[in-house]
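If you count the sequence shown from 1, position 37 lands on 453 in the numbering used here, and the numbers rise without skipping. Backbone N, C-alpha and C fix where the C-beta goes; we use that ideal spot for every residue, glycine too. Encoded as structure tokens, the structure appears first; notes follow it.
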Amino acid sequence: MKITLVKKILADGSPCAKCRDVQQKLEEQDLLRFIDQTLIADVRDEQSEGMQIARQYSVERAPFFLVEEDGRPPQIYTVYFKLVKEVLQKIAVA
Numbered sequence: 417m418k419i420t421l422v423k424k425i426l427a428d429g430s431p432c433a434k435c436r437d438v439q440q441k442l443e444e445q446d447l448l449r450f451i452d453q454t455l456i457a458d459v460r461d462e463q464s465e466g467m468q469i470a471r472q473y474s475v476e477r478a479p480f481f482l483v484e485e486d487g488r489p490p491q492i493y494t495v496y497f498k499l500v501k502e503v504l505q506k507i508a509v510a
């Protein structure tokens, strides 16, 4: 399983507030260790990796998580608590 976190950088160059909050929650709950990759969706650069992934999966909210498992289509999570409940809690106890 591969989990990618996509965070947004706003037009003024600052990180989005919700992205900061989610990052902090991941750190506080010791769940950041399960995130394999973090990409930045920089609204000032349409070619940034995060913007490309957002377009590819038609995601307009940030932050979001892309969960990839062998043999299954990628899952997109735009709600942090849903990701924790459906994915992170299960791998944390495994």
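Distance between F497 and L442, taken at the CA atoms: about 11 Å. Around the beta carbon of P490, fewer than 16 other beta carbons sit within 10 angstroms, so the residue counts as exposed. Here I451 is not near E465, since their CB atoms are 8 Å or more apart. The C-alpha of V503 is placed about 9 Å away from the C-alpha of V483. When secondary structure is reduced to three states using DSSP, V500 falls in the helix class. Of the other Cβ atoms in all chains shown, 16 or more fall within 10 Å of the Cβ of K423; this residue is therefore buried. Going by beta carbons, I507 and M417 fall inside the 8 Å limit. Between T454 and L426, the CB-CB gap reaches or exceeds 8 Å.
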